[in-house]
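In what follows, a single structure is set out as structure tokens and then discussed.
Residue numbers (the UniProt record's numbering), protein chains in the order written: chain S, 1 to 453; chain W, 1 to 453.
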């Protein structure tokens with residue numbers, strides 16, 4: 001397989017670049033034709049790699065690409081999940097090259113979706129091609145590649161529910177996470193959940209002149225700021241009533257093990273550019289970003305935002321607020337607690353609305369399972385080092401849903417790096433990482449087939 | 001004169017509508033040709049009304065229209081100030097008819113600038129035409145109509161400084177304020193000043209994924225909200241150190257007189273749509289909006305503001321913040337105090353920048369002056385009621401500048417209403433008010449010439 005991969009490296013990269021050129025932004029309806037085009041691209045590549053059947057499955061939203069290769073029903077079946085949609089690219093002015101015109105610089109491919117998740121998803125397509133071409137496929141394989149991950153997978157659950165037989169498998173394999181560094185491979189064993197809401201604060205029924213009315217009416221922007229400020233206390237604890245009730249505290253041993261992972265605060269500051277780290281009192285940065293829940297304003301707007309000075313008191317102010325959740329917080333419960341709390345703290349001078357967006361449950365996967373062991377040995381073979389089990393800070397809400405509906409555990413074989421700038425301008429993916437993924441994934445199939453015997 | 005005005009009413013309104021059709025938005029460079037076109041419109045109308053000389057005076061920015069009619073150097077001279085530029089029209093979706101396609105509904109003209117200040121400025125042009133046509137001009141008159149009021153008149157001061165001889169006059173006459181109601185005429189005797197800043201809070205050097213980094217870095221939007229929230233205390237007092245040091249407290253008598261003005265809190269709530277009024281503890285709504293300084297966020301933005309959910313921690317968050325000032329607060333001092341305060345409260349997890357925009361000093365004009373008396377008698381004649389002297393909440397920074405550079409007091413003969421929605425969607429101006437202005441202004445000239453004898 002190594003020889004096949006090496007000989008086809010340039011072609012694999014070229015295909016990924018073609019895939020990255022299609023702006024499959026799922027949040028934006030005007031990109032729907034691009035999203036469809038991307039689904040067709042994935043279908044074609046799965047077919048040419050050797051899948052028996054590939055279907056573009058319509059949903060109420062954007063389609064899911066399903067493909068399979070059943071070599072022997074008695075062998076274990078791996079269900080690969082990935083997504084072919086990408087985050088919006090804005091703010092465009094901060095990109096050094098256009099987000100949908102991929103360029104290679106310093107051995108990295110720069111484009112929206114390079115890592116999240118086109119690059120990582122495509123490793124699986126090329127690993128499958130490699131196993132097929134070299135006669136080394138040791139498991140049955142099914143692919144379920146969706147186009148709505150970045151908008152919270154609103155139709156995936158329905159699809160999974162309606163196709164439980166078709167999706168029967170032994171394990172789910174996903175590459176949509178990162179690893180510590182190219183020298184220190186790691187496998188994500190836990191993920192945070194998500195609760196996401198949009199809030200609207202209304203003061204006057206129309207925009208008012210700040211000279212004529214200023215001082216006599218509550219300004220909804222000022223009020224929104226005050227309400228947001230009150231959501232955390234001086235120790236950066238979230239003040240939403242009941243927010244921490246179901247948070248499982250880790251043992252001192254678990255915390256010590258997690259804090260032993262290679263992590264340099266100066267590197268973290270240099271990477272992010274923050275003058276100082278911040279976070280909930282009593283926890284480390286590694287803990288802040290993995291085992292502790294958060295509350296972040298992801299967007300805020302209101303009033304006059306253009307050049308120059310306009311003396312206006314806006315009628316409305318808005319914010320998008322998300323909370324990352326940890327076991328055993330339930331996203332529906334947290335969203336409800338937030339809504340109640342936010343309404344309860346609104347002063348009588350304004351009215352407020354809270355609109356829930358999608359949510360996702362936190363998950364943790366055990367390191368002594370067959371699937372984790374199969375992945376761990378695969379990384380060990382290609383990186384020459386045993387990977388570190390890590391709790392991740394992000395959310396893949398569908399992992400909890402797969403467990404619930406299909407009864408399957410997921411293995412998160414991520415090859416991205418935290419520095420890949422996913423969801424940000426200048427997203428990129430190392431060619432080293434893309435190729436390591438293609439080398440490592442087939443070994444997982446081998447190990448998994450052996451361990452399952 | 002009454003007859004002339006009545007006979008020409010339709011034409012006067014038609015001309016104003018033509019003037020309102022030109023989108024002379026000074027904040028937006030792409031409207032520069034419209035601004036120039038508007039200046040030419042004003043020039044032409046002054047000439048045809050009978051001005052001896054009209055010039056379009058170039059500045060470093062947008063031009064000033066200067067015109068004059070000197071009938072007798074021994075008579076007093078009135079210098080009319082107005083502006084032909086308008087505020088931006090956004091948010092466009094809240095207008096019931098396009099802002100630059102004026103419509104008349106319920107005896108009101110709806111268009112951006114209908115009241116502020118095209119409608120009110122044009123009353124002076126038509127009053128001048130009326131006096132010329134009927135042989136009733138009793139004073140010399142000079143017009144100075146600028147095109148940059150809505151961006152803080154950056155070039156007017158230079159123009160005034162360089163043309164002190166040309167602008168020699170006895171009094172300045174301005175219609176850029178409102179009156180209490182059509183039944184209760186009033187004249188503005190005081191104006192608030194203005195300090196306007198834009199602030200920028202920077203956290204990470206790039207947008208970060210809120211899953212991977214959330215909880216471990218300060219989110220600049222959350223921080224901006226916390227900083228803004230801290231700018232007022234629980235009594236709605238502004239916390240900027242030194243902010244109130246120079247505020248002149250009114251006597252109990254003055255406060256009682258001002259609170260005797262007709263004002264109904266329920267009407268105010270119905271007009272603005274606020275569920276409750278708000279404001280600094282210990283003062284009434286009338287006081288909040290006139291004799292007390294304010295701090296309002298006029299705009300805020302950062303992060304993801306489009307449809308859907310994006311899980312991002314923005315690199316930067318921004319706000320436009322203005323403070324209305326009262327005697328004897330100095331805008332430059334207040335801007336400096338704000339800047340120092342804002343920098344001092346920034347946590348070490350972010351960096352902040354404060355960029356000052358334009359400012360203006362507060363002013364108060366005496367009611368026993370010749371110019372106030374001339375105006376008061378004019379209103380009394382046309383409205384049948386003595387006008388109420390009122391402190392206004394808005395700012396006309398140039399009034400203080402005229403006093404300083406030309407040594408002249410200004411008379412603020414406003415005919416607009418607080419409900420005219422200036423700076424807001426659906427700005428309008430009553431035809432009653434437009435016509436009353438044209439009738440009242442010539443009487444000011446008559447009274448002023450007599451009182452100055």
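For every residue, glycine included, the Cβ atom is placed at its ideal position computed from N, Cα and C.
Bridge partners for residue i per DSSP, in chain order?
| i | result |
| --- | --- |
| residue 428 of chain W | W/110 |
| residue 172 of chain W | W/79, W/410 |
| residue 322 of chain S | S/196, S/296 |
| residue 467 of chain S | Nothing can be reported for residue 467 of chain S: it is not among the residues displayed for chain S, which extend from 1 to 453. |
| residue 302 of chain W | S/300, W/317 |
| residue 64 of chain W | W/57 |
| residue 232 of chain W | W/238 |
| residue 140 of chain S | S/77 |
| residue 208 of chain S | S/313 |
Of the choices the options, whose alpha-carbon is the least far from that of residue i?
| i | options | result |
| --- | --- | --- |
| residue 92 of chain S | S/424, S/152, S/13, S/407 | S/424 |
| residue 5 of chain S | S/415, S/130, S/441 | S/130 |
| residue 113 of chain W | W/150, W/322, W/436 | W/150 |
| residue 319 of chain S | W/139, W/450, W/222, W/77 | W/222 |
| residue 446 of chain S | S/76, S/249, S/115 | S/76 |
| residue 49 of chain W | W/32, W/67, W/226 | W/67 |
| residue 74 of chain W | W/169, W/207, W/305 | W/169 |
| residue 57 of chain W | W/219, W/162, W/326, W/412 | W/162 |
| residue 2 of chain W | W/99, W/121, W/134, W/111 | W/134 |
| residue 190 of chain S | S/404, S/393, S/155, S/242 | S/393 |
| residue 476 of chain W | W/10, W/343, W/395 | Within the shown structure, residues of chain W are numbered from 1 to 453, placing residue 476 of chain W beyond reach of any answer. |
Which same chain residues, not among the five before or five after residue i, have their C-beta less than 6 Å away from its C-beta?
| i | result |
| --- | --- |
| residue 419 of chain S | 271 |
| residue 172 of chain W | 79, 81, 402, 408, 410 |
| residue 108 of chain W | 428, 430 |
| residue 380 of chain W | 386 |
| residue 277 of chain S | 285 |
Could you give the DSSP three-state label for residue i: helix, strand or coil?
| i | result |
| --- | --- |
| residue 263 of chain W | coil |
| residue 246 of chain S | coil |
| residue 415 of chain W | coil |
| residue 434 of chain W | helix |
| residue 507 of chain W | Past the edges of chain W, shown from 1 to 453, lies residue 507 of chain W, and the structure says nothing about it. |
| residue 422 of chain W | coil |
| residue 123 of chain S | helix |
| residue 35 of chain S | helix |
| residue 182 of chain W | coil |
| residue 356 of chain W | strand |
| residue 42 of chain S | helix |
| residue 130 of chain S | helix |
| residue 25 of chain W | strand |
| residue 459 of chain S | As shown, chain S starts at 1 and ends at 453. That puts residue 459 of chain S outside it, with no answer to give. |
| residue 69 of chain W | strand |
| residue 223 of chain S | helix |
Can you give me the Cβ contacts of residue i inside the same chain, cut-off strictly under 7 Å, excluding the 5 residues immediately before and after it?
| i | result |
| --- | --- |
| residue 35 of chain W | 24, 26, 62, 85, 147 |
| residue 295 of chain S | 231, 232, 238, 321, 323 |
| residue 449 of chain S | 75, 76, 138, 139 |
| residue 325 of chain S | 192, 193, 194, 195, 293, 331, 334, 362 |
| residue 247 of chain W | 293, 326, 329 |
| residue 279 of chain W | 236, 285, 288 |
Can you give me the Cβ contacts of residue i inside the same chain, cut-off strictly under 8 Å, excluding the 5 residues immediately before and after it?
| i | result |
| --- | --- |
| residue 181 of chain W | 262, 417 |
| residue 167 of chain W | 79, 142, 144, 160, 406 |
TODO: Check each residue of the stretch 234 to 254 of chain S: if its Cβ is closer than 8 Å to any Cβ of chain W, include it; give the result in chain order.
DONE: none
- [ ] Mind checking the stretch 343 to 356 of chain W against chain S and listing, in chain order, the residues whose C-beta falls within less than 8 Å of any C-beta there?
- [x] 347, 348, 349, 350, 351
Open item on the list: Residues of the stretch 84 to 96 of chain W in Cβ contact with chain S at a cutoff of 8 Å, in chain order, please.
Closed with: 87, 88, 90, 91, 94
TODO: Taking only beta carbons into account, state which residues of the stretch 272 to 293 of chain W come closer than 7 Å to chain S, listed in chain order.
DONE: For the stretch 272 to 293 of chain W, which is checked against every Cβ of chain S, the residues closer than 7 Å are 272, 273, 274, 275, 276, 277, 278, 279, 280, 285, 288, 289, 292.
Open item on the list: Please list, in chain order, the residues of the stretch 412 to 435 of chain S that have any C-beta partner in chain W closer than 7 Å.
Closed with: Close to chain W, meaning a Cβ-Cβ distance shorter than 7 Å, are the following residues of the stretch 412 to 435 of chain S: 418, 421, 422, 423, 424, 425.
TODO: Identify each residue in the stretch 115 to 127 of chain S for which the Cβ-Cβ distance to at least one residue of chain W is less than 8 Å, and report them in chain order.
DONE: none
Task: Contact set between the stretch 319 to 330 of chain W and chain S, restricted to residues whose Cβ is under 7 Å from the partner - done: 320, 322, 324
Task: Interfacial residues, the stretch 140 to 162 of chain S to chain W, with Cβ spacing under 9 Å - done: 150, 151, 152
Task: Proximal residues, the stretch 301 to 320 of chain W versus chain S, C-beta separation under 9 Å - done: 301, 302, 303, 304, 305, 306, 307, 308, 309, 310, 311, 312, 313, 314, 315, 317, 318, 319, 320
Task: Residues of the stretch 41 to 70 of chain W with Cβ closer than 7 Å to any Cβ of chain S, in chain order - done: none
Open item on the list: Please identify, using Cβ separations under 7 Å, the residues of the stretch 198 to 224 of chain W that lie next to chain S, in order along the chain.
Closed with: 203, 204, 205, 206, 207, 208, 209, 210, 211, 212, 213, 214, 215, 216, 217, 218, 219, 221, 222
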